[in-house]
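Q:
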DNA sequence: GTAACTAATTACCAAAAGGTAACTATCTTA
DNA sequence: TAAGATAGTTACCTTTTGGTAATTAGTTAC
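This is how it looks when you write it as structure tokens:
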């Protein structure tokens, strides 16, 4: 009894620390949207992302992309094209977020169809 | 070709709107931790939650619980016990977040063991 | 040669989020 | 009767987040 209780709370504690880590990496208004854009659309340029996400300010997009890059969730590649272009894409680590992304998307779609009318 | 491209971006757009909805409900530093505590530990009282989560201020916990309650993710029950106690537990809607919760927990645990050595 | 597109950066500002500390009110235990 | 637990609330303050608007610098199309 005592033992199961302790094991449960160990498991719980571990999961909560893990969730905290995820929040540290993915906190804020935009990161899941950026990651999911790249998950659905593969390689995207700065302006592609801006247009896809809609209302994000360039300053904010730039900052969010840097955060994601330093945490190795995306990679930034400068292409020496006609006007210089920059491509962003998920790393293997970034792609490994797909379970979270799809769980969120599914839940949100469900929520929309059941709760919001 | 044209058609698949449009369908992909419709799907993508829908998913992103869904993810936005989830962020609106679950934004901030504490909500996933509260929900996951209740997911692992079932019914919890205010002080249980505070101790489990650790560093959260009572003011903040109180506000977060209200947010979750108005969005029907948790229910608050006042028990008329010796000293008055209040129990919080997940609603069916709140429990339906489990895929997101477990995906986050798994990813975070994996991240800890691989990336953070 | 001027307008437009690329990928940002900069300065400035408002609002939101979250923390600290103290306090309330009710009840129980030593 | 004072301490300690229950569940919060209040005032105050700092930090973070995110938005606006203008600007930069390079390239290209008209």
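Protein chains in written order, with the numbering used here: chain A, -15 to 101; chain B, -15 to 101. Backbone N, C-alpha and C fix where the C-beta goes; we use that ideal spot for every residue, glycine too. Values in this document were obtained by computation on a predicted structure and should not be read as measured data.
Please decide whether residue 25/A counts as near chain B, where near means a Cβ-Cβ distance under 8 Å.
A: Yes, residue 25/A counts as interfacial toward chain B.
Q: Near residue 73/A, what residues of its chain come up, given a Cβ to Cβ distance below 8 Å and the 5 sequence neighbours on each side ignored?
A: 22, 26, 27, 28, 58, 59 and 61
Q: For residue 63/A, which residues does DSSP report across the bridge?
A: 69/A
Q: Looking at the structure shown, is residue 100/A part of a helix, part of a strand, or coil, going by DSSP?
A: coil
Q: Can at least three beta-carbon pairs, one atom from the stretch 86 to 96 of chain A and one from the stretch -8 to 6 of chain B, be found at a separation below 8 Å?
A: yes
Q: Look up residue 93/B in the DSSP assignment and say whether it is helix, strand or coil.
A: helix
Q: So which residues of chain B does residue 5/A contact, with C-beta pairs closer than 7 Å?
A: 92, 95 and 96
Q: Measuring only the C-alpha atoms, how far is residue 46/A from residue 34/B?
A: 36 Å
Q: Is it right to say residue 14/B is buried, meaning 16 or more other beta carbons lie within 10 angstroms of its own, or is it exposed?
A: buried
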